[in-house]
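I have placed the structure first, in the form of structure tokens, so that the comments after it can refer back to it.
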């Protein structure tokens, strides 16, 4: 899928710098995952005041007390989710649309949910201006998922939940994967769930992280037993 950057400013060197930083900071050697950071112009997804910092490997404010996620963290979540060319993906907490644009280069279709109307409209406009046809932005409460488009092979949650919303787990396809930050203002952990065939979901705790809170309304369930793995040191 082609991504057309309409801005006259050539940012290819900066995109290359970001891709190299992501590879170095994460240790990911899957070139398919790293290459998406070369292809997607991150400066198009941040406010003009943040343009000069758009290709730093860090989270940045995008307004409405929300942020665009750190590229290295997005890459680590992608590495855990193993998105494939024929997959259908759901992103919860679309924000600026940047992670959805990256994911769109790896899967067949992305449905992304954003609860804030201003961010949802801005994300739609940015994705349209870049000619990315396989992402749909939906306005709504992300913890409920998107039952009308389920099941999903990949679910990426780009906001921190206090517990795992059961509605999202129920929308995983057989052998589907979900990555979700879980915790509170004192700290979060990235949990990765995998549905074994059409059966239960097993959970693994990957690393410490910190995301803006996921806005929820329905009661969520606690995760099942968690298998610990080596934390990622930022």
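Residue numbers (our numbering): 1306 to 1539.
All C-beta atoms in this analysis are idealised placements derived from N, C-alpha and C, irrespective of residue type, glycine included.
Fair warning: this is a prediction, and the values are worked out from it, not measured in the lab.
Kindly indicate which residue of the options has the alpha-carbon position closest to the one of residue i.
i, options, result
"residue 1440", "1367, 1405, 1520 and 1468", "1405"
"residue 1519", "1500, 1483 and 1468", "1468"
"residue 1387", "1436, 1348 and 1460", "1460"
"residue 1343", "1352, 1444 and 1324", "1324"
"residue 1517", "1506, 1347 and 1492", "1492"
"residue 1444", "1389, 1336 and 1420", "1420"
Return the first residue and the last residue of the alpha helix (DSSP H) that residue i is part of.
i, result
"residue 1351", "From DSSP, residue 1351 is part of no alpha helix (DSSP H); its letter is neither H nor E."
"residue 1408", "1403–1409"
"residue 1338", "1336–1344"
In this structure, how does DSSP classify residue i when only helix, strand and coil are distinguished?
i, result
"residue 1375", "coil"
"residue 1494", "strand"
"residue 1447", "helix"
"residue 1503", "coil"
"residue 1319", "helix"
"residue 1387", "coil"
"residue 1330", "helix"
"residue 1361", "coil"
"residue 1382", "helix"
"residue 1370", "coil"
"residue 1420", "coil"
"residue 1531", "Note that residue 1531 scores 40 on pLDDT, short of 50, meaning its location in the model is unreliable; the coordinates nonetheless yield the value given after this. In this structure, residue 1531 counts as strand in the three-state DSSP scheme."
"residue 1325", "helix"
Skipping 5 residues on each side, what residues in its chain have a beta carbon closer than 8 Å to that of residue i?
i, result
"residue 1503", "1479"
"residue 1338", "1380, 1383, 1384 and 1411"
For residue i, which residues from the same chain have a beta carbon less than 7 Å from its beta carbon, with the 5 sequence-adjacent residues on both sides left out?
i, result
"residue 1363", "1375"
"residue 1378", "1514"
"residue 1322", "1360"
Could you spell out the range, first to last residue, of the beta strand (DSSP E) harbouring residue i?
i, result
"residue 1464", "From DSSP, residue 1464 is part of no beta strand (DSSP E); its letter is neither H nor E."
"residue 1393", "1393–1397"
"residue 1520", "That residue, residue 1520, is in no beta strand (DSSP E); it is neither H nor E in DSSP."
"residue 1479", "1477–1489"
Closer than 6 Å by C-beta to residue i: which residues in its own chain qualify, once you throw out the five before and the five after it? Chain order, please.
i, result
"residue 1407", "1341 and 1345"
"residue 1320", "1343"
Does the segment 1470–1479 come within contact of the segment 1443–1456, defined as at least 3 CB pairs closer than 8 Å? yes
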